[in-house]
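K.L.:
Mind looking over this structure? Questions follow.
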Amino acid sequence: MTQLALVIDLNVCVGCHACVTSCKQWNTSGQAGPLFDDNPFTKDPTGTFFNRVQTYEIGEFPKTETLHFPKSCLHCEDAPCVPVCPTGASHKRSEDGIVLVDYDKCIGCKYCSWACPYGMREFDEQQKVMKKCTLCVDRIYDETLDERDRKPACVLACPTSARLFGDVHDPDSDASVAIRERGGYQLMPEWGTKPANHYLPRRKTELNIHEDELVRVDNPLKKEDIRHETSKDVSLDDWLM
Amino acid sequence: MHPTFAVIFLTTLIGVGQGLFLALFTEQSYSAINLLPAQESSFYVTGSVIAMAFLVGGLIAAIGHLGKPIYMITRAWRGVTQWRTSWLSRELIALPLVMGLVFLYGVIHYFGWDANLLGTEEVKGQLTLVLGTIGSFAVFALFIATGMIYASIKFLQEWATPLTVFNYILLGGASGFTLAAAYSAWAAPELVGFYAGWAMIITFAALITRAASLIRNARIKYKSTIQTAIGVRHTKVQQKAMGMMGGSFNTREYFHGATAAFFKSVKWIFLVLVFPVPLLLLWAGMDGSKALLVLAFVTQYVGLLFERWFFFAQANHPQNLYYQTV
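Residue numbers (our numbering), protein chains in the order written: chain A, 1 to 241; chain B, 1001 to 1326.
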C-alpha cells in the first residue's frame, strides 16, 4: 500500500513562507476553484490556506531557539476526520493514502474540522465547503509536467529543501530513509491518528573534542623530545654504542 | 469551541419535541393498563402537532448549520449514506424517522384507526401503541445519536464521556415533560400532577448528570500539550507567530470569543434557569396553574439555550495549542 506524505525538516526550515505562497498560488488557480480571500489588502485580512508556517520560541532568554513550524494536513493513516463525515465527502484514497474532500459532496457542516485534533482543515467562506491540503493531487500525477515537477508545490518552492515528498510505506524512499535515520516523529501521537507526515527534529552539530585529543599524550615527537637539547648524561644509547 | 446558534437551537428544540412525544406516549401506555385516565384522541393529536412543531423548528435551525441553505436540498440527502461510521449521519437518519413516526402517530390518532395487533379486543388503540413504541425507540436512537456526535470525538475531552449522552437524553426529556405539564393544564388537567411530577424527577436526574459532567470537566487533565503538538521536548515553549495576522478559520471556529467573566456567568445562569427555578415552578404549579407551568417551561428552555452555549464554549479543542496568540 502506498502512503504519500511530506517529511518536514525543522532543522533547515528558515520560516520564509515560500511553501505557503506557492501552495496558495497553485491551489487557488486549479480546477477546484479559487481559495477564498477576504480583505486581502486591507485591515484584518483573512482567507483559506492549506499550509501555514508558525514560529515558536523555545527556552528562556538568553538561551532561546527559534523554531519555524510548517503546518499542513498530515494525511493521517487513521484519519479521524474521515469516518465522521455524514456525506462521504471527506475520504482517504486507498491507492495513495491522500485525505481529500469532495467539494461537490460537502455540506459544510464543519464536523470534520471538529474531528481533526490538529486544526488542519479550513472552511472556505465563499464556496461554503471544507477545504484542506490535497498534497497537490492535481499536480503529482500530471504527466504533462516534467517528472521532476510532479511534486507538491510547497516541496518545489522550499529554498532549503526542508520538505521531502514520498511514499512513507516504501522503506527505501527518501522520505522513509529520512524518518528512519534522522529521528522523524509524528505530531500528537497520543491520539493514535498515525499521521503520515513526519517532522525531522532540530539538531545541533557539535564537535566533541577533548584536550587530550588535540594534544596527544603519547606524541612520538615529545617522547623523543627532539625539540630539546640532547642530554649530556650518558644514555642507554651511548652505553650500547 | 465556538457555539453555533444553529446547533444550539437544533439540539434544544428537537430535545423538547422528543421529550414531549415520550410524555404523550407514556400517558397512552399508562392508560392502556388503566394506570391513568384514558384521553380523547384530540389530546394526542394536538400534542403530536406541538411535538412536530418543535422537531420541524429544530430541522429549520439545522439548515443554518449547513454551508448554504440550498445544500439541504441538493446535498443533504447524501448525509444518510455514511451511517456505518458517522454519528452525524445516524442523526440525519433518526431525525426524519422520528418526525415521520410522530406525524403518523398524530394522524392515526386523528382518524382513530386501529387494528387488533396484540390479539385482544380489550386494549384500545393498539395501532398507536405499537407505533408509539417504535417511535419511542426512534426517539432514544435520536437522543443517543445527537449525544454521540459530541461524545465520539475523543480529543474533545470535555465531550468524550457517556455523561454527554445522558445529559442530552435527560435534558431533552425534562424539557419535554415540563412542556407536557404545561400542555396538560389546558388539555387534560387531571394529568398535570403526573407530568409535573415526572418533569421534576427527570429535571433532578439531569441536574445530577450535568453536575457530574461539570465536576468531571473541571478536573480534566489534557492529553495534548504544546510539546506533543510540535514535538519539542522543552518545558518552556512560546508561540510567536500563528502564520497569519488577520485571523483564520482556526481562530474563529475553535474559540468562544467571550470574556472569562461572561463564560463563568453563563454557567451559573443555566444552572439556575434549567434546574431550581423550573423545579420550584413545577412544584408550585402542581395544582394546575397554567401561568406557572408555562413559565416553568419557558425558563427551562431559555436555560437550556445557555446550557448548550456553555457546552460548546467549554470544550477545549487541542488545535488551540497551535493558536495561542489569539
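Glycine included, every Cβ here is placed at the ideal spot set by N, Cα and C.
It should be emphasised that the depicted structure is a prediction, and the values quoted were computed from it without experimental measurement.
(1) Who are R182(A)'s beta bridge partners in DSSP?
(2) Between G88(A), R93(A), E95(A), D170(A), which has its C-alpha nearest C109(A)'s C-alpha?
(3) How many Å lie between S1048(B) and V1130(B) at the Cα?
(4) Taking K1068(B) as the query, report the chain A residues whose CB atoms sit under 8 Å from its CB, ordered along the chain.
(5) Classify D124(A) as buried or exposed, calling it buried when 16 or more other Cβ atoms lie within 10 Å of its own Cβ.
(6) Can you tell me which of the three DSSP states S90(A) falls into?
(7) For Y111(A), return the contacting residues in chain B, with the cut-off set at a CB-CB distance below 7 Å.
(8) Suppose contacts are defined by Cβ-Cβ distances below 8 Å. Is L4(A) in contact with L187(A) by that definition?
(9) Cα separation between P1318(B) and I1230(B)?
(10) How long is the line joining the alpha carbons of E181(A) and C19(A), rounded to whole angstroms?
(11) Closest to V1056(B) by C-alpha separation, out of P1278(B), G1100(B), L1127(B), S1041(B), would be which residue?
(12) Quick check: what's the CA-CA separation for V1102(B) versus M1052(B)?
(13) What number of angstroms, rounded off, separates the C-alpha of A1315(B) from the C-alpha of L1066(B)?
(14) Is the number of C-beta pairs between the segment 41–57 of chain A and the segment 1235–1243 of chain B that are closer than 8 Å three or more?
(15) Using DSSP's beta-bridge definition, name the partner residues of T249(A).
(16) Give the residues of chain A in contact with N1217(B), contact being defined as C-beta atoms less than 9 Å apart.
(17) Using 8 Å as the threshold, is the segment 1174–1192 of chain B in touch with the segment 1014–1025 of chain B, meaning 3 or more CB pairs across them?
(18) Thinking just about the alpha-carbon of each residue, which of Q127(A), P159(A), V7(A), T48(A) is nearest to the one in G15(A)?
(19) Does F1204(B) come out as helix, strand or coil in the three-state DSSP assignment?
(20) Please give the ranges of any beta strand (DSSP E) in the segment 18–69 of chain A, keeping only runs that are unbroken, at least 3 residues long and fully inside the region.
(21) Looking at C-alpha atoms only, which residue of A178(A), L145(A), D78(A) is the closest neighbour of C136(A)?
(22) Using beta carbons (cut-off 8 Å, strictly below), is C19(A) in contact with chain B?
(23) By the 10 Å Cβ neighbour count, where 16 or more other Cβ atoms means buried, how is L1095(B) classified, buried or exposed?
(24) Report the three-state DSSP secondary structure of Y118(A) (helix, strand or coil).
(25) Any beta carbon of chain B sitting closer than 8 Å to that of R180(A)?
(26) List the residues of chain A whose Cβ lies closer than 7 Å to the Cβ of I1153(B), in chain order.
(27) Measure the C-alpha to C-alpha separation of E1158(B) and I1149(B) and round it to an integer number of angstroms.
(28) Return the chain-ordered ranges of every alpha helix (DSSP H) run that is complete within the segment 1041–1074 of chain B and spans a minimum of 4 residues.
(29) Is it true that the CB of T134(A) sits closer than 8 Å to the CB of F1249(B)?
(30) Find out if the Cβ-Cβ distance for the pair R1090(B), L1163(B) is shorter than 8 Å.
(31) Using a cut-off of 9 Å between C-beta atoms, extract the partners of T48(A) located in chain B.
(32) Quick one, which of P86(A), C81(A), A79(A) has its alpha-carbon nearest V1080(B)'s?
(33) If the cut-off is 7 Å on Cβ atoms, which residues from the segment 1077–1103 of chain B count as contacting chain A, listed in chain order?
(34) In its own chain, which residues sit with a C-beta less than 7 Å from the C-beta of A1141(B), not counting the 5 before and 5 after it?
(35) In this structure, how does DSSP classify Y1105(B) when only helix, strand and coil are distinguished?
(36) So, helix, strand or coil for F1275(B), using DSSP?
P.N.:
If we stick to the structure as given:
(1) Along the first sequence, one-based indexing puts residue 182(A) at 182. None; R182(A) has no bridge partner.
(2) Mapped onto the first sequence, residue 109(A) falls at position 109. When G88(A), R93(A), E95(A), D170(A) are compared, the shortest CA-CA separation from C109(A) is found for G88(A).
(3) Walking along the second sequence from the start, residue 1048(B) turns up at place 48. Walking along the second sequence from the start, residue 1130(B) turns up at place 130. Here the alpha carbon of S1048(B) sits roughly 16 Å from the alpha carbon of V1130(B).
(4) Within the second sequence, residue 1068(B) is the residue found at index 68, counting from 1. Chain A residues near K1068(B): G108, K128.
(5) Indexing the first sequence from 1 puts residue 124(A) at position 124. Buried, because 16 or more other Cβ atoms sit within 10 Å of the Cβ of D124(A).
(6) As a first step, residue 90(A) must be located in the first sequence, where it is residue number 90. The answer is strand: DSSP assigns S90(A) an E or B state.
(7) Numbered from its first residue, the first sequence carries residue 111(A) at position 111. Below the 7 Å Cβ cutoff, chain B contributes L1088 as neighbours of Y111(A), in chain order.
(8) Here the question's residue 4(A) lines up with position 4 in the first sequence. Here the question's residue 187(A) lines up with position 187 in the first sequence. Contact: no.
(9) Looking up residue 1318(B) in the second sequence gives position 318. Looking up residue 1230(B) in the second sequence gives position 230. Spanning the alpha carbons of P1318(B) and I1230(B) requires a straight line of approximately 12 Å.
(10) Residue mapping note: residue 181(A) aligns to position 181 of the first sequence, counting from 1. Residue mapping note: residue 19(A) aligns to position 19 of the first sequence, counting from 1. When rounded, the distance between both Cα atoms is 24 Å.
(11) In the second sequence, the residue the question calls residue 1056(B) occupies position 56. If you compare the alpha carbons of P1278(B), G1100(B), L1127(B), S1041(B) with that of V1056(B), the shortest gap goes to G1100(B).
(12) On the second sequence, position 102 is the one that residue 1102(B) refers to. On the second sequence, position 52 is the one that residue 1052(B) refers to. Approximately 7 Å between the Cα atoms of the pair.
(13) Within the second sequence, numbered from 1, the residue matching residue 1315(B) stands at position 315. Within the second sequence, numbered from 1, the residue matching residue 1066(B) stands at position 66. Roughly 21 Å between the two C-alpha positions.
(14) Yes, the segment 41–57 of chain A touches the segment 1235–1243 of chain B.
(15) Nothing about residue 249(A) can be read from this structure; chain A reaches only from 1 to 241.
(16) Your numbering for residue 1217(B) matches position 217 in the second sequence. Result: empty, since nearest Cβ-Cβ is about 17 Å, beyond 9 Å.
(17) In this structure the segment 1174–1192 of chain B lies against the segment 1014–1025 of chain B, because at least three pairs of beta carbons, one per stretch, are closer than 8 Å.
(18) Taking the first residue of the first sequence as position 1, residue 15(A) is located at position 15. Residue P159(A) is the option with its Cα nearest to G15(A).
(19) Translated into the one-based positions of the second sequence, residue 1204(B) becomes position 204. Looking at F1204(B) - three-state DSSP - the assignment turns out to be helix.
(20) 51–60, all fully within the segment 18–69 of chain A.
(21) For the purposes of this step, residue 136(A) is identified with residue 136 of the first sequence, where counting begins at 1. For C136(A), the nearest C-alpha among the options comes from L145(A).
(22) Taking the first sequence and counting its residues from 1, one reaches residue 19(A) at position 19. C19(A) does not count as touching chain B.
(23) Counted from its first residue, the second sequence places residue 1095(B) at position 95. Result: buried.
(24) Here residue 118(A) refers to the residue found at position 118 when the first sequence is read from its first residue. In the structure shown, Y118(A) adopts coil according to DSSP, grouped into three states.
(25) Indexing the first sequence from 1 puts residue 180(A) at position 180. With 8 Å as the cut-off, R180(A) does not count as an interface residue toward chain B.
(26) Looking up residue 1153(B) in the second sequence gives position 153. Annotation: Cβ neighbours of I1153(B) in chain A (cutoff 7 Å, chain order): W114, A115.
(27) Numbered from 1 along the second sequence, position 158 holds the residue referred to as residue 1158(B). Numbered from 1 along the second sequence, position 149 holds the residue referred to as residue 1149(B). Spanning the two alpha carbons is a distance of roughly 13 Å.
(28) Qualifying alpha helix (DSSP H) stretches, in chain order: 1041–1063, 1071–1074.
(29) Taking the second sequence and counting its residues from 1, one reaches residue 1249(B) at position 249. Taking the first sequence and counting its residues from 1, one reaches residue 134(A) at position 134. No, Cβ-Cβ distance for F1249(B) and T134(A) is not below 8 Å.
(30) Against the second sequence, residue 1090(B) aligns to sequence position 90. Against the second sequence, residue 1163(B) aligns to sequence position 163. If you check the CB distance, R1090(B) and L1163(B) do not come in under 8 Å.
(31) Taking the first sequence and counting its residues from 1, the one referred to as residue 48(A) is at position 48. Neighbours of T48(A) on chain B, chain order: S1248, F1249.
(32) Here residue 1080(B) corresponds to residue number 80 of the second sequence, with the count starting at 1. By alpha-carbon distance to V1080(B), the top candidate from P86(A), C81(A), A79(A) is P86(A).
(33) Along the segment 1077–1103 of chain B, the positions whose C-beta sits under 7 Å from a C-beta of chain A are R1078, G1079, T1081, Q1082, T1085, S1086, L1088, S1089, L1092, read in chain order.
(34) For this step, residue 1141(B) is matched to residue 141 along the second sequence. Closer than 7 Å at Cβ, skipping near neighbours: A1094.
(35) The sequence position of residue 1105(B) within the second sequence is 105, counting from 1. Helix.
(36) As a position in the second sequence, residue 1275(B) is number 275, starting the count at 1. Collapsing the DSSP output to three states places F1275(B) in coil.
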